[in-house]
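K.L.:
Using our numbering, the first residue of the sequence shown is number 8, and each one after it goes up by one. We treat Cβ as the ideally placed atom computed from N, Cα and C, and that holds for glycine. Since we're looking at a predicted model, the values are computed, not measured.
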Amino acid sequence: MKEIRKNCPVCGDNRIDFYTNTYDKHYGHTEKKYDVYSCTKCKLLFLNPMIDDSELFALYPEDYYDTSMQTANDIIKKSQPNFLKDFLIGAKAKDLKLSFAGKKVLDLGVGDCEQLYVLHKQGAEAYGTEIRESACIIGEKLGLKVSKGTLFEANYQSDFFDYIRSNHSFEHITEPRELLEEINRILKEKGRLFIGVPNTKSWTFRLFGKNWYYLGVPFHPFSYNPDNLIQLCEQYGFKMEKINYNANYSSFVSGIQILLNLKNKKKSSDGWFHSKYNRIIFHQIARLSNVFKRGDCMEITFVKTKTVSR
8 MKEIRKNCPV
18 CGDNRIDFYT
28 NTYDKHYGHT
38 EKKYDVYSCT
48 KCKLLFLNPM
58 IDDSELFALY
68 PEDYYDTSMQ
78 TANDIIKKSQ
88 PNFLKDFLIG
98 AKAKDLKLSF
108 AGKKVLDLGV
118 GDCEQLYVLH
128 KQGAEAYGTE
138 IRESACIIGE
148 KLGLKVSKGT
158 LFEANYQSDF
168 FDYIRSNHSF
178 EHITEPRELL
188 EEINRILKEK
198 GRLFIGVPNT
208 KSWTFRLFGK
218 NWYYLGVPFH
228 PFSYNPDNLI
238 QLCEQYGFKM
248 EKINYNANYS
258 SFVSGIQILL
268 NLKNKKKSSD
278 GWFHSKYNRI
288 IFHQIARLSN
298 VFKRGDCMEI
308 TFVKTKTVSR
């Protein structure tokens, strides 16, 4: 654990307040609790003290995005459009519908490689990073260039990429400033940065509060809203270009299941409320929250306007 912060990691304001002390509600690590603080000014939520990367990596379950039991054909089939499923319970990242022909694209935290493969099919020269060896192996079979380890360990050359995406990986980062500085270095001038993260300015956060599914302690060291994420990225040479909201059923269904599991401390995925009928019903409510810009997942595209060096 690192030292306790006295100010906000994003806006620097010293008016930070204790928000909650809680345990991992997703993967069964209930023996240890973590303090979450809130910034009075920009509303950022963050672990305080911040967890060390070594401790955080050790907590991820062995099957977290593990592709060792999957084949390249499994990922190819999984990447095919399924319009009925997408309508009923799907919420794929909006940038997967864009054309990247001839562009150098980097996906930070490729998971099972499905999304990067979709971009590859659209003509992108597809690069990715992932801490699990199995993702690198399957990525190679799919024609992807996946580097094992962190972005810093990959050590890409400066001004190399046209497009960099971090879809539901940015909230897992303990040092977002260092990451943004490195992204700024390797992204071309006028290149695009796509960040998809949970949104605290959402209906579900307002509804569930300290039991919000996406609070995700300790795997989500930071929880953002549109304003503080934009403010953070602007400090590293990125200007907001557009924002989408892309919530699905997960936060509603899992949030209710978390409440039902408070006494027995079971995982958020364990329980009767995770029925396919509830998923379909609450997905339609989530779609409505997107319309009102209160979806619990936001996708912000930035353009690099200047090179920064710190």
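Nearest to G278 by alpha carbon, out of I287, I292 and V260?
P.N.:
Residue V260 is the option with its Cα nearest to G278.
K.L.:
Rounded to the nearest angstrom, how far is the Cβ of L115 from that of I58, given a contact under 8 Å?
P.N.:
Contact flag wrong, Cβ pair sits at about 19 Å.
K.L.:
Could you check whether the stretch 234–248 touches the stretch 282–289, counting it as contact only if at least three pairs of C-beta atoms, one from each stretch, sit closer than 8 Å?
P.N.:
Cβ pair count under 8 Å is below three, so no.
K.L.:
Just mark V153 as buried or exposed, buried being the case when its beta carbon has 16 or more other beta carbons within 10 Å.
P.N.:
V153 should be labelled buried.
K.L.:
For L194, count the other beta carbons within 10 Å of its own beta carbon; 16 or more makes it buried, fewer makes it exposed. Which is it?
P.N.:
The residue is buried, with at least 16 neighbouring Cβ atoms inside 10 Å.
K.L.:
Which of the three DSSP states is assigned to F299 in this structure?
P.N.:
Of the three classes helix, strand and coil, the one that applies to F299 here is coil, per DSSP.
K.L.:
To the nearest whole angstrom, what separates the beta carbons of T47 and K217, a pair I think is in contact under 8 Å?
P.N.:
Actually they do not touch by this definition, with Cβ atoms about 17 Å apart.
K.L.:
Note the first and the last residue of the continuous alpha helix (DSSP H) segment covering E147.
P.N.:
Element bounds for E147: E140 to K148.
K.L.:
Label T314 either buried or exposed according to how many other C-beta atoms from any shown protein chain fall within 10 Å of its C-beta, with 16 as the threshold for buried.
P.N.:
The residue is exposed, with fewer than 16 neighbouring Cβ atoms inside 10 Å.
K.L.:
Closer than 8 Å by C-beta to N268: which residues in its own chain qualify, once you throw out the five before and the five after it? Chain order, please.
P.N.:
Once the five neighbours on either side are set aside, the close Cβ partners of N268 are K32, K274, S275, D277 and G278.
K.L.:
Identify every residue that forms a DSSP beta bridge with R172.
P.N.:
According to DSSP, R172 bridges with D114 and F201.
K.L.:
Just curious, the beta strand (DSSP E) that E306 is in, first and last residue?
P.N.:
C304 to K311 is the extent of the beta strand (DSSP E) around E306.
K.L.:
Compute the Euclidean distance between the alpha carbons of D166 and F229, then round it to the nearest angstrom.
P.N.:
Cα-Cα distance, rounded: 28 Å.
K.L.:
From what residue to what residue does the alpha helix (DSSP H) around L52 run?
P.N.:
Where L52 is concerned, there is no enclosing alpha helix (DSSP H), although the beta strand (DSSP E) it sits in stretches over L52 to L54.
K.L.:
In whole angstroms, give me the CA-to-CA distance for I202 and K99.
P.N.:
Looking at the two C-alpha atoms, the distance is approximately 14 Å.
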